[in-house]
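If you want the numbering used here, it's the 1-based position in the sequence shown plus 852. Just so it is clear, CB atoms sit at the ideal spot from N, CA and C, and this is done for glycine as well. In this text the structure is predicted, and so the values were computed from the model without any measurement. Each remark here refers to the structure printed beneath this line.
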Amino acid sequence: MTPGDAPPDAAAPVPRARPGGRTARTRAQVLDAVRAELGEHGYDGLTMEAVAARAGVHRATVYRRWGDVGGLLADVLDAAGDDDWRPPDTGSLEGDLAALNEEIQTAMAAEPPIMAALIAASFRSGKAARAQRRLWEDRYTRCEIVVGRAVRRGELPPGTDARRLLVAATAPLYHELVLLRTPPDPRLPGQAARAAALAAAAGAFTGPL
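Following this line, the structure appears as structure tokens:
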């Protein structure tokens, strides 16, 4: 799920969300503009000037607060982790994994392709890559409850490694949609979920690698 290492670039503090007021409004306007520009033009077409113009914010403000394009991308990714998202709870491991995969496929196939563009950008910007890793670590942590519930229901053996199972369940989506760029297959979320659930029930994700 996590992109590989990206080329390092200069470290700069990324602004964090502040509740209410003009600062929060400015941040929201700018991040909305980043998503729109990225979806329309990709990483190579993303500029500080275009973001400032689209957001209706003076470009000096954008440079002062975000530094460069990498800082903008990192803040978009950090903002995604500020939500209250929780993984699905369908009552079964296979159902939970299938529902999670459906969410992934829907996000990856959305137009404009913001999620795919952010993943691609993380290979070009060290700041974006680090923020991408933070976001996926957060998502993996939130999804551990799916495996915990399955263990308590007796669907999985104790000691099942949540991270390994989640990677196995979701990796086929990223392989097909990101690497091969194949059209979304409505069968894939369920197929990948079932394969991972069966492997996990057989103990494939317990013990050392």
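Just mark residue i as buried or exposed, buried being the case when its beta carbon has 16 or more other beta carbons within 10 Å.
i     : result
L1032 : exposed
D948  : buried
T963  : Per the sequence shown, residue 963 should be read as Glu rather than Thr. Answer is exposed; the Cβ neighbour count stays below 16.
R976  : buried
P1041 : buried
Q957  : buried
E946  : buried
T1034 : exposed
T907  : In the sequence on display, residue 907 carries Ala and not Thr. The residue in question, A907, is buried, as its Cβ has 16 or more Cβ neighbours within 10 Å.
R916  : exposed
Residue j and residue i - do their beta-carbons sit closer together than 8 angstroms?
i     : j     : result
V886  : V903  : yes
V1048 : A1002 : The amino acid at residue 1048 is misidentified as Val; the sequence shows Ala. In this structure, A1002 does not lie closer than 8 angstroms to A1048 by Cβ.
L1018 : Q984  : no
D990  : G933  : yes
Specify the secondary structure class of residue i as computed by DSSP and reduced to three states.
i     : result
T958  : helix
D857  : Reliability fails at D857, whose pLDDT of 40 lies under 50, so the model's placement of it is uncertain and the value that follows must be treated cautiously. Coil at D857, not helix or strand.
G873  : helix
L1008 : coil
P940  : coil
So is residue i in contact with chain C if we call contact Cβ pairs under 8 angstroms?
i    : result
G978 : Going by chain labels, chain C is absent from the structure shown, which holds only one protein chain.
Span of the alpha helix (DSSP H) holding residue i?
i     : result
P1024 : 1014 to 1026
G894  : Premise fails: G894 is in no alpha helix (DSSP H) and is neither H nor E.
L1029 : Counting along the chain, L1029 falls outside any alpha helix (DSSP H), and DSSP gives it neither H nor E.
E901  : 900 to 907
A931  : 921 to 932
G1055 : First-last for G1055: undefined, no H or E at that position.
T913  : 911 to 918
Checklist line | Cβ contact (3+ pairs, closer than 8 angstroms) linking the region 937 to 945 and the region 910 to 925 | finding: Under the three-pair Cβ rule at 8 angstroms, the region 937 to 945 does not count as touching the region 910 to 925.
Checklist line | Three or more C-beta pairs below 8 angstroms linking the region 962 to 976 and the region 875 to 894 | finding: yes
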